[in-house]
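Chains as they are written, first to last, in my numbering: chain H, 13 to 317; chain D, 26 to 591.
Single-structure report; data block below.
Here is the structure:
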């Protein structure tokens, strides 16, 4: 389904959709950049978040998506790039991320020293959407280089090279999971350069839509079983009984794919969710959830019409 | 057979999961003959929490207490509850039918003739048969009707369930609907064997800590919902419980938390082997009115604080040198760890001296890149055993605690210092300073020893507190003689908290901490004979403290090792 069709189906305001269309028309793309526009493999369901995020992008803002695991942060970021038809750069941040890995550094080519452009610089020049994944994993000092990129100045000053103005269509989308292991507090200077969206946990209804969209022949009663199962695993994680390893939306979707190929339901869930807990205790607890809900010997093909 | 902590937690998780609520205070947990958590029954129990008001159900159940038909009523209550809950839940959980069928078939295979000799016994057998789609096989038409009425459909609410079961019991037995247990026909002192018990009353069960019922083994965990069962003597105990809490707060100081938070922490920490004991957090601040023995002890504590402080300041020069040395060592370890390493790279800052390599050797690694090796921050919790066994070394322990805290402060490593001891069923956690309270190091001189040590509970309390700490590397340094000892019995085990049970408990907790990425290091002050226990609990993460005078130095070694591991 074309993403604008999807937005209409999700009752996103007509005004926003027409703004997105105008944005697409106004900012043309070079042929070679088109391949960087993500093809939507998953769709983000959630009208309010869609409207808020799209409005911020239209208004020229950068956005920060804050939410727990499996809330669809990266799916939304990718979907936004698709909707606005902009090339996307995935920039995964980690503890040792430094300015040169973001902007670029010197390299040697054909007998001369040249600038090797980093993803932020490329994104800025080509008017792409840069997804700063797990932004709070990086040290604040390393991200200070982005301050001028993200605020009203919209420039990158390269020492020894030019001062580069950002392409008008460039946007940055940060994602973070606050309080996750290995993350740190984001400083105010950086946070103030983003519009912040708190991503809600996917609702049962929206998860059901997502599954149905991916597997239209799955029987409705089993769609509700899988959404309830996912909700139960999430509650167990929130209750502090298990880690969030098995709370894996991609894993669940892949499991259903294997069931479609005929694999036993419990076996598929073992591979896709249960075995992601490497701790024996956790694994048993998740297996109990599955067994309390779905018959052990249920063949995969039986759940499809 | 022993009921393991793992199976207990598993059973509780099954109930919470089915209830869809992790705040449910689980009253009963069910186990099979192999002491494994019973998935079917625990799911039914949990689901019943979601569908019924358990407080009302328990009030109703309580009316059976010590009545002439208690065993029968209780048995029939569970049959009815199982049936109605199953009916409500079966469409939501397609797996439940299979679990029920497997369960009933298994029970029918194991059904003991002695149980089938009682009326409720053959009713239960009939219920198992109807559950798997067979005829109940009951020869008596009245029993068939009774079973039919007991198998309450899934469209009743709590009131409907109670009404329906009350009228069935009244119709077939001598039960009086709407009347409390005292108004019911009372039983004589001769014990009536209860249906759900596979053995006669008084015979010990095969799984330690759980009673055998026909449906499986049940472990009654109490839980807040049991207040509906409170007897006069229990009410009296509760009053004295409040008195005891007041005594503890007069003795050790005000609680850090309000009653609600204390209760929440209590539920989180005092589980498993520590069920029935209490945890109390204080900073040693005086209560308003303290009298009697507690007042005397408060005075003693103040005197000891002065002694501790005086002892430290009389050796000021030596202690300052120790702080400075420890600071230097930790700082050095941190700097070495965080020192960026320069590596040759294809990108980065050009190194002119290497340009020739690119031109003549086609080696483009002529740039320098700084690789920072640091990986996250560290926090340290110091846990000091403040039981009476440390009575002769209060000044030394407090001085060494101060040295460590001060040195870590100097290196900007967040540090928190605790002391713990146990008395009258309470384990008291004395917080001397929190992570950011660098100005409160002198509070460590409050170190005062008294009472016993329930080490496992103290560690569990620390782990609960540390869950809010988001540091990448969380370390607990524990000064202990690894001789856990508390006269309060271990839940369901009729034995003191000491010896093998306590060692097992500590081992499990240290392992659990590791799973939560919290490293527990032991500064061991006990005898060499206990080293096998120390190794069992901590593996290689311990050092033997031969003299407490070098405790700070040993802790320095541990922190250095931990920083290198980062």
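No residue lacks a Cβ here, since even glycine has one placed at the ideal position from N, Cα and C.
Being a predicted model, the structure only gives us computed values, none of them experimental.
{"Check": "Three-way DSSP call (helix, strand, coil) for residue 46/H in this model", "Outcome": "helix"}
{"Check": "Cβ shell of residue 160/H (< 6 Å), same chain only, five flanking positions each side left out", "Outcome": "167"}
{"Check": "For residue 129/H, the residue or residues it bridges with in DSSP", "Outcome": "116/H"}
{"Check": "Residue 142/H: first and last residue of the uninterrupted beta strand (DSSP E) it sits in", "Outcome": "141-145"}
{"Check": "Residues near residue 484/D in its chain [Cβ-Cβ closer than 8 Å; skip 5 each side]", "Outcome": "408, 501, 503, 531, 534, 535, 538 and 545"}
{"Check": "Test item: CB-CB of residue 315/H and residue 219/H under 8 Å", "Outcome": "no"}
{"Check": "DSSP beta-bridge partners of residue 567/D", "Outcome": "547/D"}
{"Check": "Residues that DSSP places opposite residue 454/D in a beta bridge", "Outcome": "306/D and 445/D"}
{"Check": "Residue 74/H beta carbon less than 8 Å from that of residue 184/H", "Outcome": "yes"}
{"Check": "Whole beta strand (DSSP E) elements within the stretch 41-97 of chain D, 3-residue minimum", "Outcome": "53-56"}
{"Check": "For residue 179/D, the nearest candidate out of 131/D, 352/D, 105/D and 123/D (CA to CA)", "Outcome": "105/D"}
{"Check": "Under 7 Å from the C-beta of residue 540/D: neighbouring residues of chain H", "Outcome": "291"}
{"Check": "Buried versus exposed call for residue 425/D [16 or more other C-beta atoms within 10 Å across all chains shown]", "Outcome": "buried"}
{"Check": "Positions along the stretch 366-388 of chain D whose CB lies within less than 9 Å of some CB in chain H", "Outcome": "370, 371, 372, 373, 374, 375, 380, 383 and 384"}
{"Check": "Close-in-space but distant-in-sequence residues of the same chain around residue 543/D (CB under 7 Å, 5 per side omitted)", "Outcome": "488, 491, 499 and 501"}
{"Check": "Whole runs of the alpha helix (DSSP H) within the stretch 84-113 of chain H, excluding any shorter than 4 residues", "Outcome": "85-95"}
{"Check": "Residue 565/D versus residue 552/D: straight-line alpha-carbon distance, rounded", "Outcome": "17 Å"}
{"Check": "DSSP-derived helix/strand/coil call for residue 306/H", "Outcome": "coil"}
{"Check": "Residue 43/D: contacting residues in chain H (beta-carbon distance under 8 Å)", "Outcome": "304"}
{"Check": "When 459/D, 81/D and 168/D are compared against residue 185/D, the one with the closest alpha-carbon", "Outcome": "81/D"}
{"Check": "C-beta neighbour in chain H for residue 39/D, strict 8 Å", "Outcome": "yes"}
{"Check": "Residues of the stretch 117-149 of chain D whose Cβ lies closer than 8 Å to any Cβ of chain A, in chain order", "Outcome": "In the displayed structure, chain A is absent; the protein chains listed are H and D."}
{"Check": "Residue 444/D beta carbon less than 8 Å from that of residue 457/D", "Outcome": "yes"}
{"Check": "Neighbour list for residue 244/H in chain D, Cβ cutoff strictly below 7 Å", "Outcome": "42"}
{"Check": "Below-8 Å beta-carbon distance, residue 56/D vs any chain H residue", "Outcome": "no"}
{"Check": "Given 8 Å, three or more beta-carbon pairs between the stretch 88-108 of chain H and the stretch 245-259 of chain H", "Outcome": "no"}
{"Check": "Chain D within 8 Å of residue 5/H, Cβ atoms only", "Outcome": "Examination of residue 5/H is not possible in this model, given that chain H is present from 13 through 317 alone."}
{"Check": "Cβ of residue 248/D within 8 Å of any chain H Cβ", "Outcome": "Bear in mind that a pLDDT of 44 at residue 248/D, under 50, signals an unreliable position, so the number given afterwards is only what the model happens to contain. For residue 248/D, the answer is no, since every Cβ of chain H falls outside 8 Å of its Cβ."}
{"Check": "Within 7 Å of chain D by C-beta, residues of the stretch 209-225 of chain H in sequence order", "Outcome": "none"}
{"Check": "Cα-Cα separation between residue 313/H and residue 116/D, rounded to whole angstroms", "Outcome": "20 Å"}
{"Check": "Contact list for residue 300/H against chain D, beta-carbon separation under 9 Å", "Outcome": "35, 38, 39, 42, 62, 64, 67 and 68"}
{"Check": "DSSP-derived helix/strand/coil call for residue 77/H", "Outcome": "strand"}
{"Check": "Contacts of residue 392/D in chain H (Cβ-Cβ under 9 Å)", "Outcome": "117, 118, 119, 120 and 125"}
{"Check": "At least 3 beta-carbon pairs within less than 8 Å: the stretch 339-354 of chain D vs the stretch 290-297 of chain D", "Outcome": "no"}
{"Check": "Cβ neighbour criterion (16 or more within 10 Å) applied to residue 150/D", "Outcome": "buried"}
{"Check": "With 16 other Cβ atoms within 10 Å as the buried cut-off, status of residue 21/H", "Outcome": "exposed"}
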